[in-house]
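Using the UniProt record's numbering, the first residue of the sequence shown is number 1, and each one after it goes up by one.
Built from N, CA and C at the ideal position, the CB exists for glycine as well.
Below: one structure, written as C-alpha coordinates.
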Amino acid sequence: MKSILIVEDDITYGMILKTWLGKKGFLVSSASSIARAQKHIEAETVDLILSDLRLPDRDGIDLLKWLGEHSLHIPLIIMTGYADIQSAVQAMKLGACDYIAKPVNPDELLKKMDEALKSSSVASEQTMRSTQTDRLFRPNRPCVPKAMRIPAGKVQRTLHPTTWKAKAMPPGNFIIM
(Lines of atoms letter the chains of each structure in order from A and count residues from 1; the text may use other names and numbers.)
(Lines give C-alpha, C1' and ligand atoms only; values in the text may rest on other atoms or scores of the structure.)
Protein backbone atom coordinates (compact mmCIF):
# COMPACT_ATOMS: atom_id res chain seq x y z
CA MET A 1 0.00 0.00 0.00
CA LYS A 2 1.52 3.33 -1.09
CA SER A 3 1.75 6.15 1.42
CA ILE A 4 0.52 9.57 0.29
CA LEU A 5 1.00 12.86 2.14
CA ILE A 6 -1.46 15.63 1.31
CA VAL A 7 -0.20 19.11 2.19
CA GLU A 8 -3.30 21.30 2.01
CA ASP A 9 -4.48 24.22 4.16
CA ASP A 10 -8.10 23.98 3.00
CA ILE A 11 -9.27 21.45 5.59
CA THR A 12 -12.47 20.50 3.73
CA TYR A 13 -10.71 19.95 0.40
CA GLY A 14 -7.94 18.02 2.16
CA MET A 15 -10.43 15.71 3.90
CA ILE A 16 -12.34 15.05 0.67
CA LEU A 17 -9.09 14.17 -1.09
CA LYS A 18 -7.90 12.06 1.86
CA THR A 19 -11.15 10.07 2.02
CA TRP A 20 -11.29 9.54 -1.74
CA LEU A 21 -7.65 8.38 -1.98
CA GLY A 22 -8.18 6.11 1.04
CA LYS A 23 -11.03 4.42 -0.82
CA LYS A 24 -8.69 3.97 -3.80
CA GLY A 25 -6.36 1.90 -1.61
CA PHE A 26 -3.76 4.44 -0.52
CA LEU A 27 -2.52 5.03 3.01
CA VAL A 28 -3.16 8.77 3.32
CA SER A 29 -1.87 11.34 5.81
CA SER A 30 -2.34 15.08 5.75
CA ALA A 31 -0.61 18.23 6.92
CA SER A 32 -1.92 21.79 6.82
CA SER A 33 1.47 23.51 6.64
CA ILE A 34 5.00 23.00 5.34
CA ALA A 35 6.36 22.72 8.90
CA ARG A 36 3.94 19.90 9.73
CA ALA A 37 4.68 18.21 6.41
CA GLN A 38 8.42 18.30 7.13
CA LYS A 39 7.91 16.74 10.57
CA HIS A 40 5.74 14.02 9.04
CA ILE A 41 8.28 13.29 6.29
CA GLU A 42 11.08 13.02 8.87
CA ALA A 43 9.04 10.60 11.01
CA GLU A 44 7.21 8.46 8.46
CA THR A 45 7.77 6.81 5.09
CA VAL A 46 6.11 8.78 2.31
CA ASP A 47 5.86 7.47 -1.26
CA LEU A 48 4.23 10.54 -2.84
CA ILE A 49 3.40 14.10 -1.80
CA LEU A 50 0.43 16.09 -3.09
CA SER A 51 1.07 19.70 -2.08
CA ASP A 52 -0.89 22.88 -2.46
CA LEU A 53 1.20 25.68 -3.94
CA ARG A 54 0.17 28.40 -1.48
CA LEU A 55 0.16 27.53 2.20
CA PRO A 56 0.02 29.68 5.36
CA ASP A 57 3.66 29.34 6.41
CA ARG A 58 5.37 28.86 3.03
CA ASP A 59 4.58 27.32 -0.33
CA GLY A 60 4.96 24.02 -2.16
CA ILE A 61 8.07 25.35 -3.92
CA ASP A 62 9.75 25.70 -0.50
CA LEU A 63 8.85 22.09 0.27
CA LEU A 64 10.48 21.02 -3.01
CA LYS A 65 13.64 22.96 -2.10
CA TRP A 66 13.68 21.38 1.37
CA LEU A 67 13.36 17.89 -0.11
CA GLY A 68 16.29 18.62 -2.41
CA GLU A 69 18.43 20.04 0.41
CA HIS A 70 17.82 16.88 2.45
CA SER A 71 18.40 14.56 -0.54
CA LEU A 72 14.91 13.12 -0.20
CA HIS A 73 13.76 11.75 -3.53
CA ILE A 74 10.02 11.73 -2.90
CA PRO A 75 7.84 12.50 -5.92
CA LEU A 76 5.76 15.63 -5.41
CA ILE A 77 2.79 16.89 -7.38
CA ILE A 78 1.87 20.56 -6.95
CA MET A 79 -1.87 21.32 -6.84
CA THR A 80 -3.03 24.91 -7.07
CA GLY A 81 -5.98 27.13 -7.74
CA TYR A 82 -3.52 29.83 -8.86
CA ALA A 83 -2.02 28.06 -11.86
CA ASP A 84 0.44 30.21 -13.78
CA ILE A 85 3.25 29.34 -16.16
CA GLN A 86 6.03 30.87 -14.05
CA SER A 87 5.30 28.87 -10.89
CA ALA A 88 4.74 25.71 -12.94
CA VAL A 89 8.14 26.08 -14.64
CA GLN A 90 9.84 26.82 -11.31
CA ALA A 91 8.22 23.76 -9.69
CA MET A 92 9.25 21.47 -12.54
CA LYS A 93 12.83 22.79 -12.50
CA LEU A 94 13.04 22.02 -8.78
CA GLY A 95 11.92 18.45 -9.33
CA ALA A 96 8.13 18.40 -9.10
CA CYS A 97 6.67 15.41 -10.92
CA ASP A 98 3.71 17.40 -12.11
CA TYR A 99 1.68 20.56 -11.65
CA ILE A 100 -2.09 20.33 -11.63
CA ALA A 101 -4.78 23.02 -11.41
CA LYS A 102 -7.62 22.87 -8.89
CA PRO A 103 -10.32 21.75 -8.95
CA VAL A 104 -8.60 18.49 -9.67
CA ASN A 105 -10.08 16.03 -12.14
CA PRO A 106 -10.01 12.73 -10.16
CA ASP A 107 -9.08 10.56 -13.15
CA GLU A 108 -6.31 12.95 -14.17
CA LEU A 109 -4.95 13.04 -10.61
CA LEU A 110 -4.91 9.24 -10.34
CA LYS A 111 -3.11 9.00 -13.69
CA LYS A 112 -0.47 11.55 -12.62
CA MET A 113 -0.04 9.82 -9.26
CA ASP A 114 0.40 6.45 -10.95
CA GLU A 115 3.02 7.89 -13.33
CA ALA A 116 4.89 9.56 -10.46
CA LEU A 117 4.88 6.40 -8.34
CA LYS A 118 6.04 4.24 -11.26
CA SER A 119 8.89 6.58 -12.20
CA SER A 120 9.90 6.84 -8.54
CA SER A 121 9.89 3.06 -8.23
CA VAL A 122 12.09 2.68 -11.31
CA ALA A 123 14.48 5.39 -10.08
CA SER A 124 14.80 3.87 -6.60
CA GLU A 125 15.37 0.42 -8.12
CA GLN A 126 18.17 1.83 -10.29
CA THR A 127 19.71 3.60 -7.28
CA MET A 128 19.56 0.38 -5.27
CA ARG A 129 21.24 -1.57 -8.08
CA SER A 130 23.91 1.11 -8.45
CA THR A 131 24.59 1.05 -4.70
CA GLN A 132 24.81 -2.74 -4.69
CA THR A 133 27.18 -2.67 -7.67
CA ASP A 134 29.34 -0.01 -6.00
CA ARG A 135 29.58 -2.15 -2.87
CA LEU A 136 30.39 -5.26 -4.88
CA PHE A 137 33.02 -3.68 -7.11
CA ARG A 138 34.65 -1.07 -4.92
CA PRO A 139 38.39 -1.01 -5.64
CA ASN A 140 39.92 -2.01 -2.33
CA ARG A 141 37.41 -4.61 -1.33
CA PRO A 142 39.27 -6.80 1.20
CA CYS A 143 37.85 -10.10 -0.01
CA VAL A 144 39.25 -9.59 -3.52
CA PRO A 145 42.84 -10.87 -3.72
CA LYS A 146 45.38 -8.33 -4.95
CA ALA A 147 46.23 -10.62 -7.86
CA MET A 148 42.67 -10.13 -9.16
CA ARG A 149 42.80 -6.32 -9.00
CA ILE A 150 43.84 -4.65 -12.21
CA PRO A 151 45.36 -1.17 -11.76
CA ALA A 152 43.56 1.58 -13.65
CA GLY A 153 45.15 2.92 -16.77
CA LYS A 154 46.79 -0.41 -17.55
CA VAL A 155 45.35 -2.21 -20.51
CA GLN A 156 45.57 -5.94 -20.00
CA ARG A 157 45.82 -8.65 -22.62
CA THR A 158 42.68 -10.23 -23.90
CA LEU A 159 41.81 -13.15 -21.65
CA HIS A 160 39.78 -14.95 -24.24
CA PRO A 161 39.30 -13.91 -27.84
CA THR A 162 35.51 -13.69 -27.64
CA THR A 163 34.77 -12.82 -24.04
CA TRP A 164 36.46 -10.72 -21.38
CA LYS A 165 38.62 -7.73 -22.14
CA ALA A 166 40.07 -5.34 -19.61
CA LYS A 167 39.36 -1.67 -20.13
CA ALA A 168 41.52 1.34 -19.33
CA MET A 169 40.04 3.38 -16.48
CA PRO A 170 40.92 6.61 -14.67
CA PRO A 171 43.74 6.30 -12.09
CA GLY A 172 42.68 4.85 -8.74
CA ASN A 173 40.00 2.54 -10.12
CA PHE A 174 40.22 -1.17 -10.68
CA ILE A 175 38.45 -3.71 -12.80
CA ILE A 176 37.70 -6.91 -10.94
CA MET A 177 37.64 -10.06 -13.03
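I need the straight-line Cα distance from residue i to residue j, nearest angstrom please.
i, j, result
"aspartate 57", "lysine 118", "31 Å"
"histidine 70", "valine 28", "23 Å"
"glycine 60", "isoleucine 4", "15 Å"
"threonine 12", "proline 103", "13 Å"
"methionine 92", "isoleucine 34", "18 Å"
"glutamine 38", "aspartate 84", "25 Å"
"aspartate 41", "aspartate 62", "First, the residue type needs correcting, since residue 41 is isoleucine and not aspartate in the sequence shown. If you take the alpha carbons of isoleucine 41 and aspartate 62, they lie about 14 Å apart."
Going by the beta-carbon positions, is the gap between residue i and residue j smaller than 9 Å?
i, j, result
"leucine 94", "leucine 48", "no"
"leucine 72", "alanine 96", "no"
"serine 51", "isoleucine 16", "no"
"aspartate 107", "isoleucine 78", "no"
"leucine 67", "serine 32", "no"
Using 8 Å for Cβ pairs, my map puts residue i next to residue j. What's the rounded Cβ distance?
i, j, result
"serine 87", "leucine 53", "6 Å"
"lysine 30", "glutamate 8", "As written in the sequence, residue 30 is serine, which differs from the lysine given in the question. The pair is a contact, with the Cβ atoms about 7 Å apart (cut-off 8 Å)."
Out of the options, which has the shortest C-alpha to C-alpha gap to residue i?
i, options, result
"glycine 25", "Met1, Ala43, Glu44, His40", "Met1"
"glycine 81", "Gly68, Val89, Leu67, Ala101", "Ala101"
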